[in-house]
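2 protein chains.
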Amino acid sequence: MSPTNRQVRLAARPSGLPKPSDWDHVEEPVPTPAAGEFVVAISHLSLDPAMRGWMNPGASYIEPVEVGDVMRAGAVGRVTASEHSGFAVGDHVYGALGVQEHALSDGKGVVMIDPSLAPLPTYLGTLGLTGMTAYFGLLDVGKLKESDTVVVSGAAGAVGSVAGQIAKIKGARAIGIAGGAEKCRWLVDDLGFDGAIDYKTEDVARALREHAPSGVDLYFDNVGGEILDAVLTRLARGARVVICGAVSQYNATESVRGPSNYLSLLVYRASMTGMVVFDYAARFGQAAGEIAGWMREGRLISREDIVEGGVQAFPDALLKLFSGENVGKLVLRVDSD
Amino acid sequence: MSPTNRQVRLAARPSGLPKPSDWDHVEEPVPTPAAGEFVVAISHLSLDPAMRGWMNPGASYIEPVEVGDVMRAGAVGRVTASEHSGFAVGDHVYGALGVQEHALSDGKGVVMIDPSLAPLPTYLGTLGLTGMTAYFGLLDVGKLKESDTVVVSGAAGAVGSVAGQIAKIKGARAIGIAGGAEKCRWLVDDLGFDGAIDYKTEDVARALREHAPSGVDLYFDNVGGEILDAVLTRLARGARVVICGAVSQYNATESVRGPSNYLSLLVYRASMTGMVVFDYAARFGQAAGEIAGWMREGRLISREDIVEGGVQAFPDALLKLFSGENVGKLVLRVDSD
Numbered sequence: 093m094s095p096t097n098r099q100v101r102l103a104a105r106p107s108g109l110p111k112p113s114d115w116d117h118v119e120e121p122v123p124t125p126a127a128g129e130f131v132v133a134i135s136h137l138s139l140d141p142a143m144r145g146w147m148n149p150g151a152s153y154i155e156p157v158e159v160g161d162v163m164r165a166g167a168v169g170r171v172t173a174s175e176h177s178g179f180a181v182g183d184h185v186y187g188a189l190g191v192q193e194h195a196l197s198d199g200k201g202v203v204m205i206d207p208s209l210a211p212l213p214t215y216l217g218t219l220g221l222t223g224m225t226a227y228f229g230l231l232d233v234g235k236l237k238e239s240d241t242v243v244v245s246g247a248a249g250a251v252g253s254v255a256g257q258i259a260k261i262k263g264a265r266a267i268g269i270a271g272g273a274e275k276c277r278w279l280v281d282d283l284g285f286d287g288a289i290d291y292k293t294e295d296v297a298r299a300l301r302e303h304a305p306s307g308v309d310l311y312f313d314n315v316g317g318e319i320l321d322a323v324l325t326r327l328a329r330g331a332r333v334v335i336c337g338a339v340s341q342y343n344a345t346e347s348v349r350g351p352s353n354y355l356s357l358l359v360y361r362a363s364m365t366g367m368v369v370f371d372y373a374a375r376f377g378q379a380a381g382e383i384a385g386w387m388r389e390g391r392l393i394s395r396e397d398i399v400e401g402g403v404q405a406f407p408d409a410l411l412k413l414f415s416g417e418n419v420g421k422l423v424l425r426v427d428s429d
Numbered sequence: 093m094s095p096t097n098r099q100v101r102l103a104a105r106p107s108g109l110p111k112p113s114d115w116d117h118v119e120e121p122v123p124t125p126a127a128g129e130f131v132v133a134i135s136h137l138s139l140d141p142a143m144r145g146w147m148n149p150g151a152s153y154i155e156p157v158e159v160g161d162v163m164r165a166g167a168v169g170r171v172t173a174s175e176h177s178g179f180a181v182g183d184h185v186y187g188a189l190g191v192q193e194h195a196l197s198d199g200k201g202v203v204m205i206d207p208s209l210a211p212l213p214t215y216l217g218t219l220g221l222t223g224m225t226a227y228f229g230l231l232d233v234g235k236l237k238e239s240d241t242v243v244v245s246g247a248a249g250a251v252g253s254v255a256g257q258i259a260k261i262k263g264a265r266a267i268g269i270a271g272g273a274e275k276c277r278w279l280v281d282d283l284g285f286d287g288a289i290d291y292k293t294e295d296v297a298r299a300l301r302e303h304a305p306s307g308v309d310l311y312f313d314n315v316g317g318e319i320l321d322a323v324l325t326r327l328a329r330g331a332r333v334v335i336c337g338a339v340s341q342y343n344a345t346e347s348v349r350g351p352s353n354y355l356s357l358l359v360y361r362a363s364m365t366g367m368v369v370f371d372y373a374a375r376f377g378q379a380a381g382e383i384a385g386w387m388r389e390g391r392l393i394s395r396e397d398i399v400e401g402g403v404q405a406f407p408d409a410l411l412k413l414f415s416g417e418n419v420g421k422l423v424l425r426v427d428s429d
């Protein structure tokens, strides 16, 4: 354990893609818990497109990170010191512990996890918020039906890859949209998607005519922008569009590009609904149990894309999400054990 | 009765606002019914923003009007000749009879109306498709609740003025957005809206902060464009946005302006749903009966803005919808009785 606690703090609100100067690398002493507190040695950090939104000023579905604060991040780790009756040294936990090596916590929002059931990084992805987002977005917001043709954008990403697999498990057809032949092959060959569209080389609207000849019943959108517009032209009557995110727009320096084809909602009597996964927190345990069961049965593959390099590597690792480099859940390894 | 049947036919597909050269004025002999047919002398034509969409190529929720065809229009009139067992000379009817003085019909889509219950033009508006659109858009698609703050755009128009009044009748708060002080006064003083915002002189988002301090629960959108974007920033959590139309965009020569603020759907866990009134045809009778009851009780005011001049005046009259000149339902009087 290093005697210091390396942290990454927000130095400035970025315009467009975050620059190195938007971050401060700080070293502090490892904290000591007071009564009711404990300290977690963080092993892995979650990297999420939503982080870009947290860096903007103004309240959204969650308060922004203030300039000067440790950057917010989901993390897993091990309790190394405790004055808290609910958490003992050696316990493994998940929480929004921030981009740092050691986090002081009063236990709020921190949950126990079991490393014997799944590797720690899986609790940041498929058994964590991204898996929960896929599960509740598809089943609750999207009201998935067995007869649906489901299209998922960002399909090789953390949320999309799980969403498509859950659609298949529930008996629906799943078509993924991803960037690059390798990702598309992975979706079809390894994850069992019925089809994949490479948006970098294919015309998405035209490809959907082939892959979804009767139209798209449920579109799970992670990206926004041109892909959202293309799918809107190929909806089935009564289609449901789940707005989970818009990674193509998070670094927009001019205004966000709204979906020009939104009047397709009228033509197809369709709906577009936004979701925030935290609303389903009371049911996370049940959902994670179900997903873990599918993983055990080999019906759902969880993939993590683990970046080495510790918290210093956080600024660069975050950018991978926006260049579309990652496959599966992007995770930063913090410890060096 | 004129010995000829004056008609307006689509001469060319317009780019932007329809020009005089996009129309052909044609005279044909008044038709004679064959077996199973009847002829209607049209008294009034309905003018609807949706007509602009019917003039574009490509299937939408309804087939386009072909170049050379009589322009599609809802109409009311009186049967003047009949070889049809269901319609007798003297009957008053409503149907999509087209921009002409005399229509030949086989009865498909034509319904009997009773001029003793309401003036004929009311069957084109509040007791016709625009009233039905307001009713089902608000109650079925929008799932109106008594506790809702409802915002209606195009509020002084045919659909909007009825939607706001139904919201009030159902116990909700109604805020209208309209262009001009006179329309706004009419909404509040005559129709009983709780407030009105003049988008020509007020900042809509700022005004909504006053009129809907807890946010907009249900937004009934007839206009799209900047106003939709402004309302999206002021939604309440779980808000429902009903997309009924987008009159600001129908004459766009470049691409339609999509709502840049659509990610508010995520922030507010809101939905945006498109509607087409024809889907509710089976329940039109029940809805019209209920609306007629409110009119009789003096709780719902129906206003028609009647343009004189016969079918020749159709091209100019249509443009009034896009310049926002009409208050209430815009109707063209065809007969000269």
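Going line by line, the protein sequences match chains A and B.
First residue of the first sequence? That's 93 in the working numbering, and the numbers climb one at a time after it.
First residue of the second sequence? That's 93 in the working numbering, and the numbers climb one at a time after it.
From the three backbone atoms N, C-alpha and C, an ideal C-beta is built for every residue, glycine too.
What you are looking at is a predicted structure, and each value in this text was computed from that prediction instead of being measured.
Query                                                                                                                                             : Result
Bridge partner(s) assigned by DSSP for residue 120 of chain B                                                                                     : B:97
Buried/exposed call for residue 394 of chain A, threshold 16 Cβ in 10 Å                                                                           : buried
Helix, strand or coil at residue 367 of chain A according to DSSP, with G and I counted as helix                                                  : coil
Presumed contact (8 Å Cβ cut-off) between residue 312 of chain B and residue 230 of chain B, rounded CB distance                                  : 6 Å
Contact check, residue 38 of chain B vs residue 137 of chain B, beta carbons under 8 Å                                                            : Here chain B covers residues 93 to 429 and nothing more, so residue 38 of chain B does not appear.
8 Å contact criterion, which residue 157 of chain A and residue 171 of chain A should meet: CB distance rounded                                   : The Cβ separation is near 24 Å, so there is no contact.
Contained alpha helix (DSSP H) runs [length at least 4] in the stretch 104-165 of chain A, N- to C-terminal order                                 : 142-146
Beta bridge counterpart(s) of residue 242 of chain B as assigned by DSSP                                                                          : B:266 and B:310
Under 8 Å by beta carbon: chain B residues contacting residue 335 of chain A                                                                      : 354, 355, 357 and 358
Closer than 8 Å to chain B by CB, residue 365 of chain A                                                                                          : yes
Same chain only: Cβ atoms within 7 Å of residue 320 of chain A, ignoring 5 sequence neighbours per side                                           : 313 and 351
Contact list for residue 298 of chain B against chain A, beta-carbon separation under 7 Å                                                         : Going along chain A, no residue has its Cβ under 7 Å from residue 298 of chain B, so there is no contact; the nearest lies around 16 Å.
8 Å Cβ cutoff, residue 171 of chain B in contact with chain A                                                                                     : no
CB of residue 360 of chain A within 8 Å of CB of residue 331 of chain A, strictly                                                                 : yes
Stretch-stretch touch, CB-based, cutoff 8 Å, three pairs: the stretch 242-257 of chain A with the stretch 218-232 of chain A                      : yes
Simplified DSSP state of residue 372 of chain A, which is helix, strand or coil                                                                   : helix
Closest by C-alpha distance to residue 298 of chain A, when choosing among A:274, A:324 and A:316                                                 : A:324
First through last residue of the beta strand (DSSP E) which encompasses residue 290 of chain B                                                   : 287-290
Proximal residues of chain B, C-beta to C-beta of residue 347 of chain A below 8 Å                                                                : 352
Test: residue 301 of chain B CB closer than 8 Å to a CB of chain A                                                                                : no
Where residue 206 of chain A sits in the DSSP three-state scheme                                                                                  : coil
Buried/exposed call for residue 375 of chain B, threshold 16 Cβ in 10 Å                                                                           : exposed
Cutoff 8 Å; reference residue 175 of chain B; Cβ partners in own chain excluding five residues on either side                                     : 125, 126, 127, 128, 129 and 130
The stretch 336-344 of chain B / the stretch 201-212 of chain A touching (three or more Cβ pairs under 8 Å)                                       : no
Contacts around residue 284 of chain B, its chain only, beta-carbon distance under 6 Å, and the 5 residues preceding and following it disregarded : 260
Positions along the stretch 139-156 of chain B whose CB lies within less than 8 Å of some CB in chain A                                           : 152 and 153
Proximity below 8 Å, CB of residue 189 of chain B to CB of residue 269 of chain B                                                                 : no
Burial state of residue 345 of chain B (16 or more Cβ within 10 Å)                                                                                : exposed
Three-state secondary structure assigned by DSSP to residue 423 of chain A                                                                        : strand
Chain-order list of residues whose beta-carbon lies under 7 Å from that of residue 93 of chain B (same chain, five-residue window excluded)       : In this predicted model, residue 93 of chain B has a pLDDT of only 48, less than 50, meaning its place in the structure is not dependable; the value taken from the coordinates is given anyway. Same-chain partners within the cutoff: 133.
Any C-beta of chain B under 8 Å from that of residue 338 of chain A                                                                               : yes
Segment contact, 8 Å Cβ cut-off, at least three pairs: the stretch 403-414 of chain B with the stretch 95-109 of chain B                          : yes
Residue burial classification, residue 370 of chain B (beta-carbon count within 10 angstroms, cutoff 16)                                          : exposed
Contact set between residue 361 of chain A and chain B, taken where Cβ atoms lie within less than 7 Å                                             : 366, 367, 368 and 371
DSSP three-state assignment for residue 395 of chain B, whether helix, strand or coil                                                             : coil
Neighbourhood of residue 366 of chain A by C-beta distance below 7 Å, restricted to the same chain and skipping five residues each side           : 335
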